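There are 2 protein chains.
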Amino acid sequence: MARAATTADAFNAVAEPRRREILDALAQRERPVNELVDILGLAQPHVSRHLRVLREVGAVDVRDEGRQRVYRLNPEALKPIHDWVASYQHLWEERFDLLEDVLEDLKEQEN
Amino acid sequence: MARAATTADAFNAVAEPRRREILDALAQRERPVNELVDILGLAQPHVSRHLRVLREVGAVDVRDEGRQRVYRLNPEALKPIHDWVASYQHLWEERFDLLEDVLEDLKEQEN
DNA sequence: CCAACGCATATCCATATGGGTATACAATTC
DNA sequence: GAATTGTATACCCATATGGATATGCGTTGG
Numbered sequence: 004m005a006r007a008a009t010t011a012d013a014f015n016a017v018a019e020p021r022r023r024e025i026l027d028a029l030a031q032r033e034r035p036v037n038e039l040v041d042i043l044g045l046a047q048p049h050v051s052r053h054l055r056v057l058r059e060v061g062a063v064d065v066r067d068e069g070r071q072r073v074y075r076l077n078p079e080a081l082k083p084i085h086d087w088v089a090s091y092q093h094l095w096e097e098r099f100d101l102l103e104d105v106l107e108d109l110k111e112q113e114n
Numbered sequence: 004m005a006r007a008a009t010t011a012d013a014f015n016a017v018a019e020p021r022r023r024e025i026l027d028a029l030a031q032r033e034r035p036v037n038e039l040v041d042i043l044g045l046a047q048p049h050v051s052r053h054l055r056v057l058r059e060v061g062a063v064d065v066r067d068e069g070r071q072r073v074y075r076l077n078p079e080a081l082k083p084i085h086d087w088v089a090s091y092q093h094l095w096e097e098r099f100d101l102l103e104d105v106l107e108d109l110k111e112q113e114n
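Those protein sequence lines, which keep their order, are chains D and B.
Here the first sequence stands for residues 4 to 114, where the numbers follow our numbering.
Here the second sequence stands for residues 4 to 114, where the numbers follow our numbering.
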């Protein structure tokens, strides 16, 4: 088997930096394709393809508005990712606390 | 250009479900390769390759112990992912609140 | 010291990605 | 209705993924 499709799930879709940029731009407000083209500095076909991937994993919705297609963020699609990493958060925070303890000890030894 | 390397960053490394499984297993405790092979039910070479990817993005550390190689989770590597998705969390929570408001209104209209 | 063990690496293959570029198509404007 | 605008799609290509399998290599046990 080859690598999982980018459309397999949100994890794969979001692994591409350009697609994260798109989501970041849409987090501010909904936008037509051309606006995203300007923001990303990519060719329009590429942006359309990235948007297709994001659509397929449900990370964005589209709406026709005259001859424009307005894309809007669908944040819930990112929840699975958040849920997964969040379970690791306490682990690095614990480590950080440990480090703080060590530094505290060193400080006391100085005095 | 082709797709970004899986070793490009944590986002790409973690897009592969098997690698998330490995991290999940290491979140409990450090483990030698064979233990991960048993847990994942994958061939040993594949596990070793996945571990290599995780090493390259700094998500795991290795330690030689006799003829075993013990892998340990390095949770900080996941922080960038957490930071990125966390900034979206309030967006889906807001939507959820809105939904709750609507349901509340509907309930009142019933009475 | 030789066999068995634990793991990493090399090679082969099918797949599809993402960039480039050309083009199709629908909506609008003149 | 012809020209223009806004997007999507099709095609070509280089790349490297992930699975399969064989093999190399250091460590330990008999």
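Even for Gly, the Cβ is constructed at its ideal location relative to N, Cα and C.
Here the structure is a predicted model, which means the values were calculated and not measured.
| Would you call the segment 42–50 of chain D and the segment 74–85 of chain D touching, i.e. three or more CB-CB distances under 8 Å? | no
| Under 8 Å, do D67 of chain D and R75 of chain D count as touching if we go by C-beta distance? | No, these two residues do not count as a Cβ contact at 8 Å.
| Beta-carbon neighbours of R75 of chain B, restricted to chain D and to distances below 7 Å | Those do not exist, as R75 of chain B stays about 11 Å from chain D at its closest Cβ, beyond 7 Å.
| task | Apply the 10 Å Cβ neighbour rule to H93 of chain D and answer buried if 16 or more other Cβ atoms are within range, or exposed otherwise. | result | exposed
| query | From the DSSP output, which residues share a beta bridge with E38 of chain B? | reply | Paired residue(s): none; E38 of chain B is not in a bridge.
| task | Could you round the C-beta distance between N15 of chain D and A18 of chain B to whole angstroms and report it? I think they count as a contact, below 8 Å. | result | Sure, about 5 Å apart at Cβ, within 8 Å.
| At what residues does the beta strand (DSSP E) containing E68 of chain D begin and finish? | V63 to E68
| field | Alpha-carbon spacing of W95 of chain B relative to N37 of chain B, whole angstroms | value | Distance between the alpha carbons of W95 of chain B and N37 of chain B: 40 Å.
| What residues from chain B crowd round Q92 of chain D, counting only those whose CB sits closer than 7 Å? | H85
| query | According to DSSP, which residues form a beta bridge with V73 of chain B? | reply | B:P35 and B:R66
| query | According to the Cβ coordinates, are V60 of chain D and T10 of chain D closer than 8 Å? | reply | yes
| request: Spell out whether any CB of chain B is found under 8 Å from the CB atom of P48 of chain D. | output: No - not a single Cβ of chain B is within 8 Å of the one on P48 of chain D.
| field | Any C-beta of chain B under 8 Å from that of K110 of chain D | value | So, not an interface residue.
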